[in-house]
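First to last, the sequence lines map onto chains A and B.
Position one of the first sequence corresponds to residue 233 (the numbering used here), numbered consecutively onward.
Position one of the second sequence corresponds to residue 14 (the numbering used here), numbered consecutively onward.
Structure record follows, encoded as structure tokens.
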Amino acid sequence: MNSIAFGQYYQASSGIHRMDPRTKIIAMLLFIVATFLCKNILSFALLILFTVVLSLLSRVPMRLILKSIRGVVFIIILAALVNLFLTSTEGATMIWRIGEWNGREYGITQEGILRAVCMVIRILCLISGTSILLTFTTTPIEMTDGLSQLLSPLMKIKIPVDLFAMMMSIALRFIPTLIEDTRRIMNAQKARGTDFSSGGLIKKAKALIPILIPLFVSSFKRGEELATAMECRCYHGGAGRTRMNKLHWKVSDTMGLLLFALLIGAVIVLNLTLRGVTPAIA
Amino acid sequence: MSVPFIQVENLRFSYLEDDRKKSEESLVLKDISVQIEKGEYVAILGHNGSGKSTFARLLTLILEPTGGKITVDGIEVTDPQLSDEELQKLRHKIGMVFQNPDNQMVTTIVEEDVAFGPENLGLDPAEIRRRVDEALAAVRMEEFSRREASRLSGGQKQRVAIAGVIAMMPECIIFDESTAMLDPQGRKDVLRIMDMLHRERGITILHITHDMNEAARADRILILSDGRIAGDGTPEEIFSRREELNRIGLDVPQCAGLMLELKKRGYPIRGKITTPEDCVDSLKASLYLNGGGTVHG
């Protein structure tokens, strides 16, 4: 029940788990840029290699990574089909001609197949790479801490990043409590004869009302009590607050970021040197 | 004469916002005056709706009194010109542990929750770390420091909540029915921690409860009934006025009741009768007195 609060976090001890969350957030951005910069077969090969090494380093079981991909299978198939059939056929090597429409030829081309394959690889690497870097190896709390510290310069232009971070961490803290509340209310309503499972969509949605209203009421009550408890512990907004666990930037974090920067560099170099040698993929 | 730690004079409070509607009946607290010295262990006893939780909330200025004066450590906290800084100082001095442990935890991880108060005080990270470790050790929860608070039992959560207050190093802790939602073991643990904080650290304890047995552990009992103080004295003094207690819907603990009945029927009961252990001792003593040592055990 409580595991939902921690999303897909996979408990393990690996270099990637120990990385500073700020490093992982920046690395993820670099990684996304790299996947979109890939323009030829060799750079895609490098991307696959990098992702595989990343997943091995993280010690997250392959089974879990594949599971996270399952959710986007539909998008992958769609992207593959669009690229397969809608790649411009002009000057391309036609494999299977479908026909002509509006003065344009349609069919499957060698280039189209290549593009579709690369698009699939791009999405696969994107999903698995980002989930390894963040969701599997970073707890939501670390993520909140990292994000708020990365964005803390915004405080200078009066954006209350610390308050948002506090709201985030309270929200995370209350997820298991709310799940527990929902279960309790559902049981109470079931005991009074509410039927949640039968009927059509509308009937099922209507059956949720007797859960949602008590849930709202109890959440407001909890919120008020929490606010009182926080005030009693001298909470007075973000000003003058210190933190016990400061994030520490380690040498390994710099090294990790360098690796990702190197990936981008390599992709760009491959794009430039191999221009015209291997078929370019947009 | 030294000034008492907490001095309450003619305190009145109504939940109604509109001053004109504040009739005598709407007052939750009607004219309360009491003094609490530093280092006292006071139980504030009353049944539901007697105003005891309201009283606690007024002491930390979560609620503002309708009338009257509260002075804490020489500072009049009900002064309308009280600065924010002084308000924070008051809440630093008087910590509060609430009834529902779930609703007073701010963060997911135990030690981060304990650190919340000290973080608000703007302390140095190393000092916060030292206080958090010390506070968790004081409630014997140190091995849970990196755990998720949501996976702990009610009693454990309440111990974490107490650690969160201890880490702020207050001079006084108010326990607002902090044992009411706990199982017997959790209750025992929390009561033991309260005794320890009072005995070993000299922290002033205000224990708000409706349980006579728990109140009997205190040095002094204040009875609130219908917004007024209906009794103020040591547990012995309070328990000896059983009829009065019954009139306001309270009763003495079972063991004390037995002793009082025995006394009434002419048995020579002497000594303390507040806790079951005391009662056993007093009973033994009087039996030895009567039978000349024929009782075993």
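C-beta atoms are modelled at their ideal positions from N, C-alpha and C, and glycine is treated no differently.
- Message: Taking the straight line between their C-alpha atoms, what separation do you get for Phe111/B and Gly469/A?
- Response: Translated into positions along the second sequence, residue 111/B becomes position 98. Translated into positions along the first sequence, residue 469/A becomes position 237. The alpha-carbon atoms of Phe111/B and Gly469/A are separated by roughly 21 Å.
- Rounded to whole angstroms, what's the CA-CA distance from Met487/A to Leu379/A? Just pull it up for me. On the first sequence, residue 487/A is found 255 positions in, with the first residue counted as 1. On the first sequence, residue 379/A is found 147 positions in, with the first residue counted as 1. Distance between the alpha carbons of Met487/A and Leu379/A is about 20 Å.
- Item | Pairwise C-alpha distance: Thr79/B and Asp92/B | Numbered from its first residue, the second sequence carries residue 92/B at position 79. Numbered from its first residue, the second sequence carries residue 79/B at position 66. Straight-line Cα distance between these residues: approximately 12 Å.
- Query: Is Ala403/A close to chain B, meaning its C-beta is less than 7 Å from at least one C-beta of that chain?
  - Reply: Here residue 403/A corresponds to residue number 171 of the first sequence, with the count starting at 1. Taking Cβ atoms only, chain B never reaches closer than 7 Å to Ala403/A, which makes this a no.
- Could you give the C-beta distance for Ala269/B and Thr247/B, rounded to a whole number, given that I count them as a contact under 8 Å? For the purposes of this step, residue 269/B is identified with residue 256 of the second sequence, where counting begins at 1. For the purposes of this step, residue 247/B is identified with residue 234 of the second sequence, where counting begins at 1. Ala269/B to Thr247/B, Cβ: 12 Å. No contact.
- Message: Pop quiz: Lys405/A and Gly130/B are said to be a contact at Cβ under 8 Å. What is the actual Cβ separation, rounded to whole angstroms?
- Response: Start at 1 with the first residue of the first sequence, and residue 405/A comes out as number 173. Start at 1 with the first residue of the second sequence, and residue 130/B comes out as number 117. Here residue 405/A is Arg; the residue named in the question, Lys, does not match the sequence. At roughly 16 Å, the Cβ-Cβ gap does not stay under 8 Å, so Arg405/A and Gly130/B are not in contact.
- Item | Below-7 Å beta-carbon distance, Asn61/B vs any chain A residue | Position 48 of the second sequence, counted from the start, is the residue given in the question as residue 61/B. Chain A, which has no Cβ nearer than 7 Å to the Cβ of Asn61/B, makes this no.
- Top-ranked residue by Cα proximity to Ser15/B, from Glu38/B, Ile49/B, Ile122/B: Within the second sequence, numbered from 1, the residue matching residue 15/B stands at position 2. Check the Cα spacing between Ser15/B and each of Glu38/B, Ile49/B, Ile122/B: the tightest is with Ile49/B.
- Contact with chain B by Met326/A, beta-carbon distance below 7 Å: In the first sequence, the residue the question calls residue 326/A occupies position 94. No, no contact with chain B.
- Thinking C-beta only, is Asp126/B closer than 7 Å to Gly199/B? Numbered from its first residue, the second sequence carries residue 199/B at position 186. Numbered from its first residue, the second sequence carries residue 126/B at position 113. No, the Cβ-Cβ distance between Gly199/B and Asp126/B is not below 7 Å.
- Item | Reduced DSSP secondary structure (H/G/I, E/B, other) of Asp44/B | Within the second sequence, numbered from 1, the residue matching residue 44/B stands at position 31. Asp44/B falls in the strand class under three-state DSSP.
- Message: Looking at chain B, is there any beta carbon in it that lies within less than 7 Å of the beta carbon of Gly378/A?
- Response: Within the first sequence, the letter at position 146 stands for residue 378/A. Taking Cβ atoms only, chain B never reaches closer than 7 Å to Gly378/A, which makes this a no.
- Query: What does DSSP give as the partner residues of Glu337/A in its beta bridges?
  - Reply: Within the first sequence, numbered from 1, the residue matching residue 337/A stands at position 105. Its beta-bridge partners are Glu332/A.
- Output the distance between the C-alpha atoms of Gly62/B and Val152/B, rounded to the nearest integer angstrom. Locating residue 62/B in the second sequence gives position 49, counting from the first residue. Locating residue 152/B in the second sequence gives position 139, counting from the first residue. Their backbone Cα atoms lie some 31 Å apart in a straight line.
- Message: Any beta carbon of chain D sitting closer than 7 Å to that of Ala128/B?
- Response: This model lacks chain D altogether; the protein chains it does include are A and B.
- Item | Glu343/A burial status per 10 Å Cβ neighbour count (16 or more: buried) | For this step, residue 343/A is matched to residue 111 along the first sequence. Result: buried.
- Residues bridged to Met326/A by DSSP? Within the first sequence, the letter at position 94 stands for residue 326/A. Partner(s): Thr341/A.
- Task: Let me know the secondary structure DSSP gives Gly108/B once reduced to three states.
- Result: The residue labelled residue 108/B in the question sits at position 95 within the second sequence. Three-state DSSP puts Gly108/B in a strand.
- Between the Cα of Ile206/B and the Cα atoms of Asp224/B, Ile186/B, Glu140/B, which residue gives the shortest distance? Locating residue 206/B in the second sequence gives position 193, where the first residue counts as 1. Nearest C-alpha to Ile206/B: Ile186/B.
- Task: State the Cα-Cα distance for the pair Thr73/B and Leu383/A, rounded to the nearest angstrom.
- Result: Locating residue 73/B in the second sequence gives position 60, counting from the first residue. Locating residue 383/A in the first sequence gives position 151, counting from the first residue. C-alpha separation (whole angstroms): 35 Å.
- Message: Helix, strand or coil for Leu58/B? Go by DSSP, reduced to three states.
- Response: Translated into positions along the second sequence, residue 58/B becomes position 45. Strand, per DSSP.
- Query: From Thr255/A to Ser96/B, what does the alpha carbon distance come to, in whole angstroms?
  - Reply: As a first step, residue 255/A must be located in the first sequence, where it is residue number 23. As a first step, residue 96/B must be located in the second sequence, where it is residue number 83. Cα to Cα, Thr255/A sits roughly 42 Å from Ser96/B.
- Task: Buried or exposed for Ser484/A, please, with buried defined as at least 16 other CB atoms from any protein chain shown within 10 angstroms of its CB.
- Result: Sequence index remark: in the first sequence, residue 484/A carries index 252 (1-based). Looking at its Cβ environment, which holds fewer than 16 other Cβ atoms inside 10 Å, Ser484/A is exposed.
- Task: Indicate whether Ile496/A and Leu262/A have their beta-carbon atoms separated by less than 7 Å.
- Result: Here the question's residue 496/A lines up with position 264 in the first sequence. Here the question's residue 262/A lines up with position 30 in the first sequence. The answer is yes: Cβ separation under 7 Å.
- Message: So within the region 154-196 of chain B, which uninterrupted beta strand (DSSP E) runs reach at least 3 residues, ignoring any that extend past its ends?
- Response: 185-189
- Query: Which term fits Thr505/A, buried or exposed, when burial requires 16 or more other beta carbons within 10 angstroms of its beta carbon?
  - Reply: Position 273 of the first sequence, counted from the start, is the residue given in the question as residue 505/A. Thr505/A is exposed by the Cβ-count criterion.
- Item | Beta-carbon contacts of Ile443/A that lie in its chain and below 7 Å, excluding the five residues immediately before and after | Translated into the one-based positions of the first sequence, residue 443/A becomes position 211. The residues are Thr414, Ile417, Met418, Gln421.
- So what does Asp245/B bridge to, in DSSP terms? Along the second sequence, one-based indexing puts residue 245/B at 232. Bridge partners of Asp245/B: Leu235/B.
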